[in-house]
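Residue numbers (full-length UniProt numbering): 1 to 426.
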């Protein structure tokens, strides 16, 4: 679900030391944080606010934003502690922290959760594209699943392209279309308010059904994607000691934007708010152009989303004897024709599998909340708090230990109840 650069730090670490000075300025880092975190999930926030109420939804987003910000800082502290004790050589990654704290099970658990979250984000992309295409081409008989499977050959071909840098412009294009879609929603809200299209009193501050609160919480956590890029973002800075301040500034703006957009979207459409707000846009050429542009951008951004998954799978393949034989027992440095065929086949099978999963998803909002309530909550809250207690527990004050334990416990409860609530329905 994170937007990753061509180097994925928790899977393919660079050989440089964790103390190597970065080159990014404060302004560039703020931009990198915004790009890493803000994604298509924001277009599902108005639906979350409809489910929970505008006040409860706003409080949920603020809480999720603060908790994510705090846990990002915990992760950096854990990395610095490990680096100071020279527990591992080179750049210390999220998976490395799992190994340092728990051993091999910790590394496997961390990488499994990252793998699952990236698969979940990829499935969400496909569902998002499918639902928007059904909305654009209403006169056609194609279902969401039909559009998803039509994309499979395209995505397989794109996954075979070696360099991810070719997709960077499309990622920026998708972000621009997301901003335009948000602008349309705000414009619609203002027009309805001026024209008396809705009454503020008709919009609930807190939903009658309390089950909507964890649902909205899961969506909020899903929207603060990009946790796996924390260490890479901090390492990229020229003045790394200013990272907490820069991260705080970025999170303040992102959280404010999320609260305003979620509120605007819900206020504009009320109980008619759909799980993807673009589905509520008026049926005119400008709105349709934004939807099509957004879908095209995501089609070409999809390979970036599945790239970490491919690297994990291919890393495992390189350890299997039959695959090493295909590459003359030198899987690291020499790839034969048969080896490439094996790699391409694994990527194709992965995309087909993700498409099959996406075809069974009932809706973007429900699935995004499920991913946010489970793997995102574990990656963003539970693991950082547990790592912090393990590595720095002896030097922490009582209130710091209590806060870490609270985050750990609340994260586990949220993951369990949020999953149950999403599955059984609201």
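Using N, Cα and C, we set each Cβ at its ideal position, and we do this for glycine too.
Return the first residue and the last residue of the alpha helix (DSSP H) that residue i is part of.
{"i": "residue 54", "result": "54-84"}
{"i": "residue 140", "result": "Looking at the DSSP string, residue 140 is not in any alpha helix (DSSP H), and its letter there is neither H nor E."}
{"i": "residue 285", "result": "285-317"}
{"i": "residue 32", "result": "26-37"}
{"i": "residue 245", "result": "243-269"}
{"i": "residue 390", "result": "383-392"}
{"i": "residue 94", "result": "94-102"}
{"i": "residue 230", "result": "230-235"}
Check the C-beta distance from residue i over to residue j and give it rounded, since I have them as a contact under 8 Å.
{"i": "residue 120", "j": "residue 371", "result": "4 Å"}
{"i": "residue 51", "j": "residue 215", "result": "5 Å"}
{"i": "residue 411", "j": "residue 375", "result": "No, residue 411 and residue 375 are not in contact; Cβ-Cβ is about 12 Å, not under 8 Å."}
{"i": "residue 264", "j": "residue 185", "result": "6 Å"}
{"i": "residue 233", "j": "residue 128", "result": "25 Å between Cβ atoms; not a contact."}
{"i": "residue 291", "j": "residue 135", "result": "7 Å"}
{"i": "residue 270", "j": "residue 203", "result": "6 Å"}
{"i": "residue 101", "j": "residue 390", "result": "4 Å"}
{"i": "residue 159", "j": "residue 303", "result": "5 Å"}
{"i": "residue 404", "j": "residue 377", "result": "The Cβ separation is near 15 Å, so there is no contact."}
How long is the line joining the alpha carbons of residue i and residue j, rounded to whole angstroms?
{"i": "residue 259", "j": "residue 178", "result": "16 Å"}
{"i": "residue 447", "j": "residue 69", "result": "For residue 447 there is no data in the structure shown, the boundaries of the chain being 1 and 426."}
{"i": "residue 398", "j": "residue 28", "result": "37 Å"}
{"i": "residue 286", "j": "residue 183", "result": "12 Å"}
{"i": "residue 113", "j": "residue 189", "result": "38 Å"}
{"i": "residue 124", "j": "residue 396", "result": "39 Å"}
{"i": "residue 93", "j": "residue 243", "result": "17 Å"}
{"i": "residue 231", "j": "residue 207", "result": "38 Å"}
{"i": "residue 142", "j": "residue 152", "result": "15 Å"}
{"i": "residue 146", "j": "residue 245", "result": "47 Å"}
{"i": "residue 36", "j": "residue 96", "result": "21 Å"}
{"i": "residue 379", "j": "residue 139", "result": "42 Å"}
{"i": "residue 408", "j": "residue 241", "result": "26 Å"}
{"i": "residue 237", "j": "residue 369", "result": "32 Å"}
{"i": "residue 155", "j": "residue 356", "result": "14 Å"}
{"i": "residue 130", "j": "residue 316", "result": "31 Å"}
{"i": "residue 343", "j": "residue 305", "result": "17 Å"}
{"i": "residue 137", "j": "residue 275", "result": "18 Å"}
{"i": "residue 220", "j": "residue 307", "result": "24 Å"}
{"i": "residue 273", "j": "residue 267", "result": "9 Å"}
{"i": "residue 54", "j": "residue 277", "result": "15 Å"}
{"i": "residue 310", "j": "residue 111", "result": "13 Å"}
{"i": "residue 365", "j": "residue 157", "result": "28 Å"}
{"i": "residue 235", "j": "residue 284", "result": "45 Å"}
{"i": "residue 91", "j": "residue 77", "result": "14 Å"}
Which word fits residue i, buried or exposed, when buried means at least 16 other C-beta atoms lie within 10 angstroms of its C-beta?
{"i": "residue 31", "result": "exposed"}
{"i": "residue 349", "result": "exposed"}
{"i": "residue 351", "result": "buried"}
{"i": "residue 132", "result": "buried"}
{"i": "residue 201", "result": "exposed"}
{"i": "residue 420", "result": "exposed"}
{"i": "residue 57", "result": "buried"}
{"i": "residue 99", "result": "buried"}
{"i": "residue 345", "result": "exposed"}
{"i": "residue 402", "result": "exposed"}
{"i": "residue 406", "result": "exposed"}
{"i": "residue 415", "result": "buried"}
{"i": "residue 81", "result": "buried"}
{"i": "residue 218", "result": "buried"}
{"i": "residue 373", "result": "buried"}
{"i": "residue 33", "result": "buried"}
{"i": "residue 103", "result": "exposed"}
{"i": "residue 393", "result": "exposed"}
{"i": "residue 312", "result": "buried"}
{"i": "residue 172", "result": "exposed"}
Under the three-state reduction of DSSP, which class applies to residue i: helix, strand or coil?
{"i": "residue 368", "result": "helix"}
{"i": "residue 216", "result": "helix"}
{"i": "residue 207", "result": "coil"}
{"i": "residue 411", "result": "helix"}
{"i": "residue 331", "result": "Per-residue confidence for residue 331 stands at a pLDDT of 43, beneath the threshold of 50, marking its modelled position as unreliable; no derived number is given."}
{"i": "residue 272", "result": "helix"}
{"i": "residue 147", "result": "helix"}
{"i": "residue 395", "result": "helix"}
{"i": "residue 109", "result": "helix"}
{"i": "residue 239", "result": "coil"}
{"i": "residue 351", "result": "helix"}
{"i": "residue 357", "result": "helix"}
{"i": "residue 115", "result": "helix"}
{"i": "residue 282", "result": "coil"}
{"i": "residue 362", "result": "coil"}
{"i": "residue 342", "result": "helix"}
{"i": "residue 227", "result": "helix"}
{"i": "residue 91", "result": "coil"}
{"i": "residue 161", "result": "coil"}
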